[in-house]
Amino acid sequence: MILKIALDTPLRRVFDYLPPEKPHPNPLKAGVRVRVPFGRRQLIGVLVGIADDSALPDGKLKVALEILDSDPVFDTVTLELLCWAADYYHHAIGEVIAAALPAALRAGELAEERVELWSLSEAGLHQYRAQAQRLGPRQRALLTALALHGPATLGLLGVACRRAQLAQLAKRGWAVANVETPQPVRVVQRPSEVTLTPEQARAVDAIRDSHGRFAAHLLYGVTGSGKTEVYLRTIAGVLDNGGQALVLVPEIALTPQLVERFRQRFSAGIVVLHSGLAATLRRDAWRSAHRGLARIIIGTRSAVFTSMPHLKLIVVDEEHDASYKQHEGFRYSARDLAVWRAQRAKIPIVLGSATPSLETLDNAAQGRYAKWLLPQRPGAARPPRTGLVDLRKHACEQGLSRPALEAIGRHLHAGGQAIVFLNRRGYAPALFCNACGWVAACAHCDARMTLHRRAGQLRCHHCGAVAAVPSACANCALPLSPVGQGTERVEETLARLFPGAGLARLDRDTTAGRGAMEALLHRVHSGTARILVGTQMLTKGHHFPDVSLVLILDADQGLFASDFRATERLAQTIIQVAGRAGRGERPGEVIIQTAFPEHPLLTRLITAGYEGFAEIALEERRAAEWPPYSRLAMLRAEARSESQLDQFLTSAAACGARLADSAIQVLGPAQALIARRADHYRAHVLIEAPARRALKRFLTQWLPAVEALPAPSGIRWSVDVDPLEID
Ligand SMILES: [Zn+2]
Ligand SMILES: [Zn+2]
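The sequence shown begins at 57 in the numbering used here and counts up by one.
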């Protein structure tokens, strides 16, 4: 018997071992952890298969030291998902599996350690719901924590929970501590106060009807159309059937409102998983999900790998969001893997968005996904009026056109608030000498430095380099002027033009400190600030009921970018930002500044909405054979030496061309958009295939050949299957 073991190394293979000499009492199952000798070290790996023989001769095979678990540390589908993902994305399987385990389990801690788990008793549950007796604030807080999180360890209940206080509750018969196998959680649902619209009801029924089999449902509706209510109702059905539900969200910090609504609706068993979680909490949460105690897991992309033996439903909220794709190391798409997992587990998956990705819309058009349109709820504000301002016809003051400024004045006068969107932070993107044309550039990148005037610095947004602001041109000693606008400059201009309006700026520079984001949002909500300038961060989940005007300063960045996805991202951003306007009582207005008002994609977006835009965008993709009508993979490489980089990628491309059949295109090498970053030259080779299978077949042959190329030690390369950005 040969054990196939995945070890946490960058090698794209499994390792063969003989079983430990001391026989294990239980039959061996894939998914248990095994301690093995590896070189001079000992490593803990995961058993992924058992074979009869090995390619290694008998004498070379080492003996495993110890089997750590009697049961697998992943449910069957999750282990299959991890193996499939490693194979599909061509990443080392040991690294993929290790990343899915909490650090404590990688280090050998027990998967099912007998820990004390606290929960509410029946009497405690009654007390919590009815609030029959007067309670002090501390006891009430404890009951709430137990109701929301129990059964849970002290750590998961929160720092404020002391053991002695819990013991007091136990004495009154309200709380129980279970050290042995805990009882399954009883989730109590608070009734919803919302009456479903016919469209919501149809979606809920259809999703519930697909219980127990694979079905993908696209829930397509603008912000405020009631997607969350549909999630909550379908999850309620899953809980009634004893199942677990997985809810993926782009970023926890930016979606507190969603998590809050789940907590308000369900009494227990909600666990939130994200990268900022402390290691012990992560371990506790993982165990809770793995043992089936946590019933609803809300998490960011890596939560797709959470072991959940009773998983019955997956929800992917904001499915179009780019943060579902990991951009370094193991470059997976959590959205795509979630669909695969649902398929394998034979369960329904719900993909929600106001601006679905073109891939998902195409899947719906082909009949692979069911599509449920949610119109705005009756009584909700009407959709905002959208207009274009032709920048060729109107003079600008620091990037702000006259019609745009007039609109701001009008809305402020009527008591509204305005959002000004510009996806560029800092004061100005360039510091320029009018006399000789000298520009402040980064010493380490092929890029200009951005002026951050308030901080008194030049900063490179590509490598993080910081420099002092030069007092004069390095060439001719004449004064320098800032060119172009960033959010800081727009804020300054608007503060000057609208004194007394109160300005707030939402970007990575103003929200870095602890509590800074909350303070900023509070200024907007309280009306202290009535003009909000911000970047992409504005598009995520915030709700500003008094905002009646949204101004998009520069739509043109996305119109002519080299990346074929740029227009899709632009359309999504415009719709998402526009969705912040007129969500309260006031009618909304959206103004987009552009130098290309006749651009077909832009006019289509304005006249026919996102769906109309998507139709012609998909036609363009089909004509150009871009995804979803083809499949891409990108070999990215970087090196300090430009010639070494070029040599390596040229041979990689040549070797690809030799292996490729007529269906596969090998494009490049081509320089990255920022050809040198942090002193490294960057370039890539792009592979285009007609379908997934053909791409996989090609990569399986090509990548080992690339690995075998004589690469100088300074070359770093990686492969990105289904890249989101091709620059
Ligand atoms: Zn000069
Ligand atoms: Zn730089």
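Even glycine gets a Cβ: it sits at the ideal position worked out from N, Cα and C.
With DSSP as the reference, please indicate the residues paired to residue i in a beta bridge.
i, result
"Val-722", "Ile-743"
"Arg-185", "According to DSSP, which records beta bridges pairwise, Arg-185 is partnered with nothing at all."
"Gln-703", "BP columns for Gln-703 are empty, so no partner."
"Cys-452", "Ser-457"
"Met-690", "Leu-742 and Asp-776"
"Val-539", "Ala-486"
"Ser-409", "Tyr-276"
"Glu-645", "Arg-441 and Leu-605"
"Asp-72", "Lys-60"
"Leu-94", "Looking at the sequence shown, residue 94 is not Leu but Phe. The partner list for Phe-94 (beta bridge, DSSP) reads Arg-97."
"Gln-300", "Leu-367"
"Thr-650", "Asp-446"
"Asn-82", "None; Asn-82 has no bridge partner."
"Arg-732", "Tyr-737"
"Phe-754", "Note: Phe-754 sits in no beta bridge, so no partner."
Going by DSSP, what residue range makes up the beta strand (DSSP E) through residue i?
i, result
"Gly-784", "This structure cannot speak to residue 784, because the chain is shown only from 57 to 783."
"Leu-124", "Run containing Leu-124: none; DSSP gives neither H nor E here."
"Gln-513", "513-515"
"Lys-427", "425-430"
"Leu-507", "506-508"
Report yes if the CB atom of residue i is closer than 9 Å to the CB atom of residue j, and no otherwise.
i, j, result
"Ser-266", "Pro-412", "no"
"Ile-647", "Leu-444", "yes"
"Ala-511", "Asp-565", "yes"
"Ala-709", "Leu-701", "no"
"Arg-687", "Arg-748", "yes"
"Asp-610", "Gly-471", "no"
"Gly-192", "Gly-229", "no"
"Ile-782", "Phe-600", "no"
"Arg-387", "Ala-484", "no"
"Gln-221", "Leu-198", "yes"
"Thr-134", "Phe-361", "yes"
"Ala-689", "Ile-608", "no"
"Leu-304", "Asp-373", "yes"
"Leu-765", "Ser-707", "yes"
Residue i and residue j look like a contact to me (Cβ under 8 Å); what is the Cβ gap, rounded to whole Å?
i, j, result
"Ser-358", "Ala-345", "With 8 Å as the limit, Ser-358 and Ala-345 do not qualify as a contact, their Cβ atoms being about 13 Å apart."
"Leu-658", "Thr-650", "6 Å"
"Thr-442", "Ile-662", "5 Å"
"Val-88", "Pro-128", "6 Å"
"Leu-514", "Ala-503", "Between Ala-503 and Leu-514 the Cβ distance is about 11 Å, and since that is not below 8 Å, they are no contact."
"Tyr-380", "His-273", "Incorrect: roughly 17 Å between the Cβ atoms, too far for contact."
"Cys-492", "Cys-516", "About 22 Å separates the two Cβ atoms, so there is no contact after all."
For residue i, which residues in the same chain have their Cβ closer than 7 Å to its Cβ, ignoring the five residues on either side in sequence?
i, result
"Val-490", "Just to set this straight, residue 490 is Asn in the shown sequence, not Val. For Asn-490, where only same-chain residues beyond five positions count, the Cβ hits under 7 Å are Ser-537."
"Val-260", "Leu-252, Val-286, Arg-289 and Thr-290"
"Asp-563", "Arg-481, Thr-543, Gly-590, Thr-591 and Met-593"
"Ala-226", "Val-232 and Ala-233"
"Glu-415", "Pro-683 and Pro-684"
"Leu-736", "In the sequence under discussion, the amino acid at residue 736 is His, which differs from the Leu named in the question. The answer, listed in chain order, is Glu-694, Ala-695 and Arg-696."
"Ala-52", "What the structure shows of the chain is the stretch from 57 to 783, and residue 52 is not part of that stretch, so it cannot be assessed."
"Ala-617", "none"
"Trp-494", "Cys-529, Ala-530 and Asn-531"
"Ala-154", "Asp-64 and Arg-162"
"Arg-733", "Cys-501, His-518 and Cys-519"
Note down, in chain order, each residue of its chain lying with its Cβ closer than 8 Å to the Cβ of residue i, except the 5 sequence neighbours on either side.
i, result
"Glu-172", "Thr-209, Leu-210, Ala-233, Asn-234 and Val-235"
"Leu-112", "Asp-72"
"Arg-579", "Gly-558, Ala-560 and Ala-585"
"Ile-308", "Val-315, Val-328, His-330, Gly-332, Ile-354, Gly-355 and Thr-356"
"Lys-60", "Val-70, Phe-71, Asp-72, Leu-103, Val-104, Gly-105, Ile-106 and Ala-107"
"Ala-767", "Phe-704 and Trp-773"
"Gly-282", "Val-250, Leu-252, Thr-253, Gln-256, Leu-430 and Arg-433"
"Arg-338", "Pro-158, Ala-159 and Leu-329"
"His-784", "The shown model of the chain, from 57 to 783, leaves out residue 784, and the question about it has no answer."
"Arg-317", "Thr-284 and Leu-288"
Under DSSP, the alpha helix (DSSP H) around residue i begins and ends at which residues?
i, result
"Ala-611", "Neither: Ala-611 is in no alpha helix (DSSP H) and is coded neither H nor E."
"Glu-373", "In the sequence as displayed, the identity of residue 373 is Asp instead of Glu. From DSSP, Asp-373 is part of no alpha helix (DSSP H) but of the beta strand (DSSP E) over 367-373."
"Asn-419", "414-421"
"Pro-656", "656-680"
"Gly-211", "210-213"
"Gln-221", "219-227"
"Arg-347", "Looking at the DSSP string, Arg-347 is not in any alpha helix (DSSP H), and its letter there is neither H nor E."
Leaving out five residues before and five after residue i in sequence, what residues of the same chain have Cβ atoms less than 6 Å from its Cβ?
i, result
"Ala-292", "Gln-245"
"Leu-137", "Arg-397"
"Ala-142", "Ile-149 and Val-152"
Beta carbon shell of ligand 3 at less than 6 Å from a heavy atom = What this structure holds is ligand 1 and ligand 2, not ligand 3.
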